[in-house]
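In this note's numbering, the protein residues as written are 1346 to 1578. Virtual Cβ for every residue (Gly too), placed ideally from N, Cα, C. No experiment lies behind these values; they were computed from the predicted model shown. To start, the structure itself, in structure tokens.
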């Protein structure tokens, strides 16, 4: 893939590594728009990312990582304001929990509207709307990237089963020229598991915790009740 910079005569070949600047963010946005893959620093590890509405790009990530298709990709957002452009909704009480814990290691499960075009949705067997795990990274640098590119489907920048990349060089060593552009934001802090939560109308407090990460279950439930209870609130 070749991406030509506006007016600068600078092309981005597969495997190019650039420091995060206004110019490289503009190039990353073009690569994403054209269906390419970009490695980015997040608040935990480096991730390989693409347009979540581009099926061919999503397929590239799965092939690149050798990732089983049943393992869904998260969508990273700069803010919950971007949910609307993706035709996603956060059912209550996830909207209130998101206000309390995002940005950070909290991953609520959003629900797709009928007009949602994401290629990353988890389908349901009973005809209910598809769902999508989302996250807003707790990193000013990553949020600047997401503001430039728009929402991104992302997974850690390593082959499945290998160690996560905490530097851009580790990601380059894993993927080489198979990725179109690498953004170098310096070392990251390392893997931190997010707490994954979905709304459950049958649960007493309206939620089901699918995975307990660094935000403990009791902290989530305490915040929920401090903010007024479950789904009916």
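Would you report the Cα separation of residue 1454 and residue 1476, rounded to the nearest angstrom?
Locating residue 1454 in the chain shown gives position 109, where the first residue counts as 1. Locating residue 1476 in the chain shown gives position 131, where the first residue counts as 1. The alpha-carbon atoms of residue 1454 and residue 1476 are separated by roughly 6 Å.
Residue 1388 versus residue 1410 - alpha carbon distance:
Here residue 1388 is taken as the residue at index 43 of the chain shown, counted from 1. Here residue 1410 is taken as the residue at index 65 of the chain shown, counted from 1. Distance between the alpha carbons of residue 1388 and residue 1410: 20 Å.
Whole-angstrom distance between residue 1383 and residue 1506, CA atom to CA atom
Taking the first residue of the chain shown as 1, we reach residue 1506 at position 161. Taking the first residue of the chain shown as 1, we reach residue 1383 at position 38. Their Cα atoms are separated by approximately 20 Å.
If you draw a straight line from the C-alpha of residue 1559 to the C-alpha of residue 1537, how long is it?
Position 214 of the chain shown holds residue 1559. Position 192 of the chain shown holds residue 1537. Taken atom to atom, the span from the alpha-carbon of residue 1559 to that of residue 1537 is near 7 Å.
Let me know the alpha helix (DSSP H) ranges lying completely inside the region 1385–1462, each 4 residues or longer, listed in chain order.
You should have 1400–1410 and 1439–1446.
Rounded to whole angstroms, what's the CA-CA distance from residue 1488 to residue 1527? Just pull it up for me.
Reading the chain shown from its first residue, position 143 is the one you call residue 1488. Reading the chain shown from its first residue, position 182 is the one you call residue 1527. If I take the Cα positions, the gap works out to 16 Å.
Beta carbon of residue 1380 nearer than 8 Å to that of residue 1401:
Looking up residue 1380 in the chain shown gives position 35. Looking up residue 1401 in the chain shown gives position 56. Taking 8 Å as the Cβ cut-off, residue 1380 and residue 1401 qualify as a contacting pair.
How should residue 1577 be labelled, buried or exposed, when 16 other C-beta atoms within 10 angstroms of its C-beta is the threshold for buried?
The residue given as residue 1577 occupies position 232 in the chain shown. Interpretation of residue 1577 is limited by its pLDDT of 38, a score under 50 that renders its predicted location unreliable; the figure taken from the coordinates is listed afterwards. When all chains shown are included, residue 1577 counts as exposed.
Residue 1502 vs residue 1485 beta-carbon contact at 8 Å:
Reading the chain shown from its first residue, position 157 is the one you call residue 1502. Reading the chain shown from its first residue, position 140 is the one you call residue 1485. Cβ distance not < 8 Å, so residue 1502 and residue 1485 don't count as in contact.
Suppose you measure from the CA of residue 1480 to the CA of residue 1431; what does that come to, to the nearest Å?
Here residue 1480 refers to the residue found at position 135 of the chain shown. Here residue 1431 refers to the residue found at position 86 of the chain shown. The alpha-carbon atoms of residue 1480 and residue 1431 are separated by roughly 14 Å.
Output the distance between the C-alpha atoms of residue 1355 and residue 1368, rounded to the nearest integer angstrom.
Within the chain shown, the letter at position 10 stands for residue 1355. Within the chain shown, the letter at position 23 stands for residue 1368. Bear in mind that a pLDDT of 37 at residue 1355, under 50, signals an unreliable position, so the number given afterwards is only what the model happens to contain. Approximately 10 Å, taken between the alpha carbons.
Backbone secondary structure at residue 1513 - three-state DSSP:
Start at 1 with the first residue of the chain shown, and residue 1513 comes out as number 168. Three-state DSSP puts residue 1513 in a helix.
Using beta-carbon positions only, say whether residue 1395 and residue 1406 come within less than 8 Å of one another.
Numbered from 1 along the chain shown, position 50 holds the residue referred to as residue 1395. Numbered from 1 along the chain shown, position 61 holds the residue referred to as residue 1406. The Cβ atoms of residue 1395 and residue 1406 sit closer than 8 Å to each other.
Cβ-Cβ distance between residue 1421 and residue 1457 below 8 Å
On the chain shown, residue 1421 is found 76 positions in, with the first residue counted as 1. On the chain shown, residue 1457 is found 112 positions in, with the first residue counted as 1. The criterion of a C-beta distance shorter than 8 Å is not satisfied by residue 1421 and residue 1457.
Just the Cα atoms here: how many angstroms apart are residue 1447 and residue 1524?
As a first step, residue 1447 must be located in the chain shown, where it is residue number 102. As a first step, residue 1524 must be located in the chain shown, where it is residue number 179. Looking at the two C-alpha atoms, the distance is approximately 29 Å.
Looking at the structure shown, is residue 1494 part of a helix, part of a strand, or coil, going by DSSP?
Counting from one through the chain shown, the residue named residue 1494 turns up at place 149. Helix, per DSSP.
Which word fits residue 1459, buried or exposed, when buried means at least 16 other C-beta atoms lie within 10 angstroms of its C-beta?
Your numbering for residue 1459 matches position 114 in the chain shown. So residue 1459 counts as exposed.
Could you tell me the distance, in whole angstroms, from the CA atom of residue 1346 to the CA atom of residue 1376?
Stepping through the chain shown from its first residue, residue 1346 is reached at position 1. Stepping through the chain shown from its first residue, residue 1376 is reached at position 31. Because residue 1346 carries a pLDDT of 47, less than 50, the predicted location of this residue cannot be relied on, and the following value inherits that uncertainty. Distance between the alpha carbons of residue 1346 and residue 1376 is about 8 Å.
Can you tell me which residues form a DSSP beta bridge with residue 1553?
The count along the chain shown starts at 1 and reaches residue 1553 at position 208. In DSSP, residue 1553 forms a bridge with 1543.
Can you give the Cα-Cα distance for residue 1491 and residue 1443, rounded to whole angstroms?
Locating residue 1491 in the chain shown gives position 146, where the first residue counts as 1. Locating residue 1443 in the chain shown gives position 98, where the first residue counts as 1. Put simply, the backbone Cα of residue 1491 is about 18 Å away from that of residue 1443.
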